[in-house]
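Student: This is the structure I want to talk about, given as structure tokens.
Numbering (this note's numbering), first residue to last: 1229 to 1359.
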């Protein structure tokens, strides 16, 4: 979506800038802002897993048709976001898996986001219990 937005901004703003009805720097600012927005969104959402399932002492990870099963004991750190939509849970692994050393996924929807996501707290409790 953002690359398409950048092309649309260029198609609309460049002819307007050439006709000198707006200053030349307005299209540059719009294209720069759109590019920055694209990279921010890509860093937040690009690395999210499609599915994460908990199975007793294991997590099953799935992204783009690839699947991997990792032990909860290989997770060294759990972070959950607060007051963010969507709620993102990040797991840092002791040893890298197919998807890297950091796994991110969106937790189930919840209405009030004043505290850390319950899934993050639950995973952290299981990890500290195991170690």
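Heads up, the beta-carbon is just placed ideally off N, CA and C, and yes, glycines get one too.
Label residue 1240 either buried or exposed according to how many other C-beta atoms from any shown protein chain fall within 10 Å of its C-beta, with 16 as the threshold for buried.
Tutor: Locating residue 1240 in the chain shown gives position 12, counting from the first residue. Label assigned to residue 1240: exposed.
Student: What would DSSP say about residue 1181, mapped onto helix, strand or coil?
Tutor: There is simply no residue 1181 to check, as the chain begins at 1229 and stops at 1359 in what is shown.
Student: Rounded to the nearest angstrom, what separates residue 1248 and residue 1266 at their Cα positions?
Tutor: To locate residue 1248, count along the chain shown from 1; it is residue 20. To locate residue 1266, count along the chain shown from 1; it is residue 38. Approximately 28 angstroms, taken between the alpha carbons.
Student: Quick one: any contact between the stretch 1339 to 1357 and the stretch 1312 to 1322, if contact means 3 or more CB pairs under 8 angstroms?
Tutor: Yes: at least three Cβ pairs fall under 8 angstroms.
Student: In angstroms with no decimal places, state the Cα-to-Cα distance between residue 1339 and residue 1251.
Tutor: Taking the chain shown and counting its residues from 1, the one referred to as residue 1339 is at position 111. Taking the chain shown and counting its residues from 1, the one referred to as residue 1251 is at position 23. Residue 1339 and residue 1251: Cα-Cα distance of roughly 44 angstroms.
Student: Between 1329, 1335, 1256, 1325, which has its C-alpha nearest residue 1294's C-alpha?
Tutor: What you label residue 1294 is simply residue 66 of the chain shown in a count that begins at 1. The residue with the shortest Cα to Cα distance from residue 1294 is 1325.
Student: Spatial neighbours of residue 1291 within its chain, please: CB distance less than 7 angstroms, with the 5 preceding and 5 following residues excluded, ordered by chain position.
Tutor: Walking along the chain shown from the start, residue 1291 turns up at place 63. The answer, listed in chain order, is 1277, 1278, 1327.
Student: Please state whether DSSP places residue 1259 in a helix, a strand or coil.
Tutor: As a working note, residue 1259 is residue 31 in the chain shown. Residue 1259 falls in the helix class under three-state DSSP.
Student: Does the distance from the C-beta atom of residue 1285 to that of residue 1299 stay below 9 angstroms?
Tutor: Translated into positions along the chain shown, residue 1285 becomes position 57. Translated into positions along the chain shown, residue 1299 becomes position 71. Against a cut-off of 9 angstroms, the Cβ pair of residue 1299 and residue 1285 comes out as a contact.
Student: For the candidate residues 1270, 1309, 1342, 1302, whose alpha-carbon lies nearest to that of residue 1323?
Tutor: Translated into the one-based positions of the chain shown, residue 1323 becomes position 95. Cα-wise, what sits closest to residue 1323 is 1302.
Student: So, for residue 1342: in the same chain, excluding its five sequence neighbours on each side, which residues have a beta-carbon less than 8 angstroms away from its beta-carbon?
Tutor: Position 114 of the chain shown, counted from the first residue, corresponds to residue 1342. Excluding positions up to five away in sequence, the list reads 1310, 1311.
Student: Is residue 1315 close to chain D, meaning its C-beta is less than 9 angstroms from at least one C-beta of that chain?
Tutor: Of the chains in the structure shown, none is chain D; there is only one protein chain.
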